[in-house]
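A.B. asks: Here it is: the structure, laid out below.
Numbering (the working numbering), first residue to last: 3 to 654.
This is how it looks when you write it as structure tokens:
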């Protein structure tokens, strides 16, 4: 009987690990969560009955105890850094040298991941241990933490000793999901993965849903590789993620084209990269060329433009938002960063300022998170003339006392504080909300000053003669805005929800809410558990929604809007099932705005995704389609043009 149970356990381990590979590496699940759980918990029960846990068991991914500290481990093979260049002329010089030394060679081009380097050792086909890079000779044993990474295989086909090199990463998707569901926000994916792997509690590591991308073989017993291409294929055969990008190039022009291609789209990737790695493809030639004391001579990293610099933080301005929250803004000595001049950056709150040890008139490190939002990372240098940053006791706009809620400051003078009223009005009139053309932030400010517009519903009681009182308003302009206000009264539910300015509810989330709750009343009655059933909504956003509909003032404002003729429709509900179960990605320039095609897809039962994966059904490609089209071609995903798409949804 015991032998039968052990045999069943072996089969379950093999089957569960196969499903883990399909889900976490290929992004292509082949069974439902319910079916997976049934297999997993059957294995758990068998392990309890037999008192045995076999090698490679997926039940051992998350440890149930906290480690006392990290053990040191000497690397079997020393780790080297990569030599780096920042311009194409230096890269071309290096490639010319390599061609001269080899008599001509192909070059392999791969991502340079911006994460935490981890070495993993396998023996007899089973995960043995994992170690951080450390100083290249000695690292820290992080085996328990790395076993929580679902894309790290616990068993592999290769049955002899294998040591691989790769990067622990937190994808942008996992980073965003984690931050949605926690009050203690992570700063960026790179710091998040380092903090997770070096956490003594593996359960905390598991919560961050890390990934591992493998790019090197350091030792492979009784097996020789002829090329980097062969190494890359071998790693994929063993079940590792490799990043999805590998190109062989004949010359510097082809390498430069690869680098430029990725440089344009790197901000849209789900992983952080800070450059590209170029290696001689031929392994035998590498051995001839050798190493310096620090790095292999046969490899080079091309670094993208710096994403972090230092500059002076001159002062802090406190800005009032539409919710009444008062946020600190850093006024910086202008500095060039990733192709833009940065002079301002948002600071989170006073506790974050203290944590980062920031001062006025001090030098700080600045980074562009995902190459968009400038972020002050921390203190670089403090001077005698540096000043402590103090938070205000009174609203910088209306001078009313501020309310402190934990680390956050709020002005509760909702109708008498100009900055927050104007921000609410301009958000309400924006394109994805009521789309009132002409009602800009400047116009909203004039309405506040001259027409006593305080509430959102006040907009719908304005007349042409009121607008003529405003500076530079003539008959035509006044008539145009009044007509836009009138037209805006018929509004779809997602746009209405977005217009209300519920904390952290963007337009995408508003559409998801409208798909589940078909009226305002349904949504107002929803509880946190019901809201959290929506894929992209966590407890924090769910709490924000529940709290919004508990506020009597908010309910009064919704009632006022309905009383002055606002008609809420929920046209997001699909008209038919032509695209039911299909996921489409839109790329390139089409005859209509992207939102037009998104609406058509949703109306026909389909789903729109921002990235191409194995789960993508079709890619709708217009002119000048870029990396998404390339990836779709690589994955053999069907590509359709606008005409084909319209024919598809017109079928009855």
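We treat Cβ as the ideally placed atom computed from N, Cα and C, and that holds for glycine. Note that the structure is predicted; figures quoted are calculated from it, not measured.
Going by Cα to Cα distance, which pick from 259, 441, 11, 435 is closest to residue 492?
C.D. replies: On the chain shown, residue 492 is found 490 positions in, with the first residue counted as 1. Comparing Cα-Cα distances from residue 492 to each of 259, 441, 11, 435, the minimum goes to 435.
A.B. asks: If the criterion is Cβ atoms closer than 8 angstroms, does the pair residue 11 and residue 45 meet it?
C.D. replies: Your numbering for residue 11 matches position 9 in the chain shown. Your numbering for residue 45 matches position 43 in the chain shown. Yes; because the gap between Cβ atoms is below 8 angstroms, this pair is in contact.
A.B. asks: Around the C-beta of residue 304, are 16 or more other C-beta atoms found within 10 angstroms, so that it is buried, or is it exposed?
C.D. replies: Locating residue 304 in the chain shown gives position 302, where the first residue counts as 1. Its Cβ being crowded by 16 or more others within 10 Å, residue 304 is buried.
A.B. asks: In the DSSP assignment, find the unbroken alpha helix (DSSP H) run with residue 492 in it and report its ends.
C.D. replies: In the chain shown, the residue the question calls residue 492 occupies position 490. Counting along the chain, residue 492 falls outside any alpha helix (DSSP H), though it belongs to the beta strand (DSSP E) covering 492 to 494.
A.B. asks: Between residue 508 and residue 500, is the Cβ-Cβ spacing less than 8 angstroms?
C.D. replies: The count along the chain shown starts at 1 and reaches residue 508 at position 506. The count along the chain shown starts at 1 and reaches residue 500 at position 498. Contact flag set, yes.
A.B. asks: Measuring CB to CB, does residue 355 end up less than 8 angstroms from residue 312?
C.D. replies: To locate residue 355, count along the chain shown from 1; it is residue 353. To locate residue 312, count along the chain shown from 1; it is residue 310. Against a cut-off of 8 angstroms, the Cβ pair of residue 312 and residue 355 comes out as no contact.
A.B. asks: Going by the CB atoms, is the gap between residue 149 and residue 240 shorter than 8 angstroms?
C.D. replies: Along the chain shown, one-based indexing puts residue 240 at 238. Along the chain shown, one-based indexing puts residue 149 at 147. Their beta carbons are not under 8 angstroms apart, which means residue 240 does not touch residue 149 by this criterion.
A.B. asks: Determine the contact status of residue 364 and residue 347, defining contact as a CB-CB distance below 8 angstroms.
C.D. replies: Residue numbering aside, residue 364 sits at position 362 when the chain shown is read from its first letter. Residue numbering aside, residue 347 sits at position 345 when the chain shown is read from its first letter. No, the Cβ-Cβ distance between residue 364 and residue 347 is not below 8 angstroms.
A.B. asks: Just to check my reading of the structure: residue 494 and residue 571 have Cβ atoms closer than 8 angstroms, yes? What is that Cβ distance to the nearest angstrom?
C.D. replies: Along the chain shown, one-based indexing puts residue 494 at 492. Along the chain shown, one-based indexing puts residue 571 at 569. Indeed, because the Cβ distance is near 6 angstroms, the residues count as touching under 8 angstroms.
A.B. asks: For residue 353, which residues from the same chain have a beta carbon less than 6 angstroms from its beta carbon, with the 5 sequence-adjacent residues on both sides left out?
C.D. replies: Taking the chain shown and counting its residues from 1, the one referred to as residue 353 is at position 351. The residues are 409.
A.B. asks: On the DSSP letters alone, give me the boundaries of the beta strand (DSSP E) that residue 505 sits inside.
C.D. replies: The residue labelled residue 505 in the question sits at position 503 within the chain shown. Careful: residue 505 lies outside any beta strand (DSSP E) and carries neither H nor E.
A.B. asks: Given residue 223, which residues of its chain have a CB within under 6 angstroms of its CB, disregarding the five upstream and five downstream residues?
C.D. replies: Here residue 223 refers to the residue found at position 221 of the chain shown. Taken in chain order, the residues that qualify are 162, 163.
A.B. asks: Helix, strand or coil for residue 644? Go by DSSP, reduced to three states.
C.D. replies: Walking along the chain shown from the start, residue 644 turns up at place 642. For residue 644, the three-state secondary structure derived from DSSP is helix.
A.B. asks: Is the beta carbon of residue 298 sitting closer than 8 angstroms to the one on residue 344?
C.D. replies: Against the chain shown, residue 298 aligns to sequence position 296. Against the chain shown, residue 344 aligns to sequence position 342. Not in contact: residue 298 and residue 344 (Cβ atoms no closer than 8 angstroms).
A.B. asks: Would DSSP call residue 373 helix, strand or coil?
C.D. replies: In the chain shown, residue 373 corresponds to position 371, counting from 1. Summary for residue 373: the model assigns pLDDT 47, below 50, so the residue's position carries little reliability; its value from the coordinates is reported in the next sentence. When secondary structure is reduced to three states using DSSP, residue 373 falls in the coil class, being assigned neither helix nor strand.
A.B. asks: Bridge partners for residue 635 per DSSP, in chain order?
C.D. replies: Translated into positions along the chain shown, residue 635 becomes position 633. Residue 635 is not bridged to any residue.
A.B. asks: Pull the bridge partners of residue 346 from the DSSP assignment, please.
C.D. replies: Counting from one through the chain shown, the residue named residue 346 turns up at place 344. Residue 346 is bridged to 333.
A.B. asks: Could you have a look at residue 89 and say whether DSSP puts it in helix, strand or coil?
C.D. replies: As a first step, residue 89 must be located in the chain shown, where it is residue number 87. Coil at residue 89, not helix or strand.
A.B. asks: Suppose the cutoff is 8 angstroms on Cβ atoms and the five residues either side in sequence are ignored; what does the same chain contact list for residue 394 look like?
C.D. replies: For the purposes of this step, residue 394 is taken as the residue at position 392 of the chain shown. Closer than 8 angstroms at Cβ, skipping near neighbours: 320, 328, 404, 411.
A.B. asks: Expressed to the nearest angstrom, what Euclidean distance is found between the alpha-carbon atoms of residue 637 and residue 593?
C.D. replies: As a position in the chain shown, residue 637 is number 635, starting the count at 1. As a position in the chain shown, residue 593 is number 591, starting the count at 1. Answer to the nearest angstrom: the Cα atoms are 26 angstroms apart.
A.B. asks: Output yes or no for whether 8 angstroms exceeds the beta carbon distance between residue 542 and residue 183.
C.D. replies: Position 540 of the chain shown, counted from the start, is the residue given in the question as residue 542. Position 181 of the chain shown, counted from the start, is the residue given in the question as residue 183. Yes, Cβ-Cβ distance for residue 542 and residue 183 is below 8 angstroms.
A.B. asks: Looking only at C-alpha atoms, which of 55, 256, 609, 602 sits nearest to residue 652?
C.D. replies: For the purposes of this step, residue 652 is taken as residue 650 along the chain shown, with counting starting at 1. The option with the nearest alpha carbon to residue 652 is 602.
A.B. asks: Using 8 angstroms as the cut-off, can you tell me whether the stretch 109 to 128 makes contact with the stretch 251 to 265, which would need three or more C-beta pairs spanning the two stretches below that distance?
C.D. replies: yes
A.B. asks: Along the beta strand (DSSP E) that carries residue 112, what are the first and last residues, could you check?
C.D. replies: Counting from 1 along the chain shown, the entry for residue 112 is found at position 110. Residue 112 -> beta strand (DSSP E) spans 109 to 115.
A.B. asks: What distance in whole Å lies between the Cβ atoms of residue 81 and residue 291, which are believed to be in contact at a cut-off of 8 angstroms?
C.D. replies: Numbered from 1 along the chain shown, position 289 holds the residue referred to as residue 291. Numbered from 1 along the chain shown, position 79 holds the residue referred to as residue 81. Their Cβ separation, rounded to whole angstroms, is 18 angstroms, which puts residue 291 and residue 81 out of contact at 8 angstroms.
A.B. asks: To the nearest angstrom, how far is the alpha carbon of residue 622 from that of residue 85?
C.D. replies: One-based indexing of the chain shown puts residue 622 at position 620. One-based indexing of the chain shown puts residue 85 at position 83. Separation of residue 622 and residue 85 (C-alpha to C-alpha, rounded to the nearest whole angstrom) is 41 angstroms.
A.B. asks: CA-CA distance, residue 201 and residue 513?
C.D. replies: Taking the chain shown and counting its residues from 1, the one referred to as residue 201 is at position 199. Taking the chain shown and counting its residues from 1, the one referred to as residue 513 is at position 511. Going by the C-alpha atoms only, they are around 37 angstroms apart.
A.B. asks: Which residues bound the alpha helix (DSSP H) around residue 260?
C.D. replies: Here residue 260 corresponds to residue number 258 of the chain shown, with the count starting at 1. Residue 260 -> alpha helix (DSSP H) spans 254 to 267.
A.B. asks: Output the distance between the C-alpha atoms of residue 640 and residue 181, rounded to the nearest integer angstrom.
C.D. replies: What you label residue 640 is simply residue 638 of the chain shown in a count that begins at 1. What you label residue 181 is simply residue 179 of the chain shown in a count that begins at 1. When rounded, the distance between both Cα atoms is 34 angstroms.
A.B. asks: Just grab the DSSP bridge partners of residue 121 for me.
C.D. replies: The residue you call residue 121 lines up with position 119 of the chain shown. Answer is 133, 167, bridged to residue 121.
A.B. asks: Since I believe residue 121 is in contact with residue 165 (beta carbons under 8 angstroms), could you give me their beta-carbon distance rounded to a whole number of angstroms?
C.D. replies: The residue labelled residue 165 in the question sits at position 163 within the chain shown. The residue labelled residue 121 in the question sits at position 119 within the chain shown. Contact holds; Cβ gap of about 6 angstroms.
A.B. asks: Using a Cβ-Cβ cut-off of 7 angstroms (strictly less than) and excluding sequence neighbours within five positions of residue 665, which residues of its own chain qualify?
C.D. replies: As displayed, the chain neither begins before 3 nor continues past 654, which places residue 665 out of reach and without an answer.
A.B. asks: I'd like to know if the stretch 579 to 597 and the stretch 534 to 554 are in contact, where contact means that at least 3 CB-CB pairs between them fall below 8 angstroms.
C.D. replies: no
A.B. asks: Let me know if residue 655 comes out buried or exposed under the rule of 16 or more other beta-carbons within 10 Å of its beta-carbon.
C.D. replies: Shown here, the chain extends from 3 to 654; a query on residue 655 therefore has no answer.
A.B. asks: Cutting at 6 angstroms between CB atoms, please list the residues of its own chain near residue 382, excluding the five before and the five after it.
C.D. replies: Residue mapping note: residue 382 aligns to position 380 of the chain shown, counting from 1. Closer than 6 angstroms at Cβ, skipping near neighbours: 312, 365, 366, 367.
A.B. asks: What span of residues does the beta strand (DSSP E) with residue 180 cover, start to end?
C.D. replies: For the purposes of this step, residue 180 is taken as residue 178 along the chain shown, with counting starting at 1. Careful: residue 180 lies outside any beta strand (DSSP E), inside the alpha helix (DSSP H) at 174 to 182.
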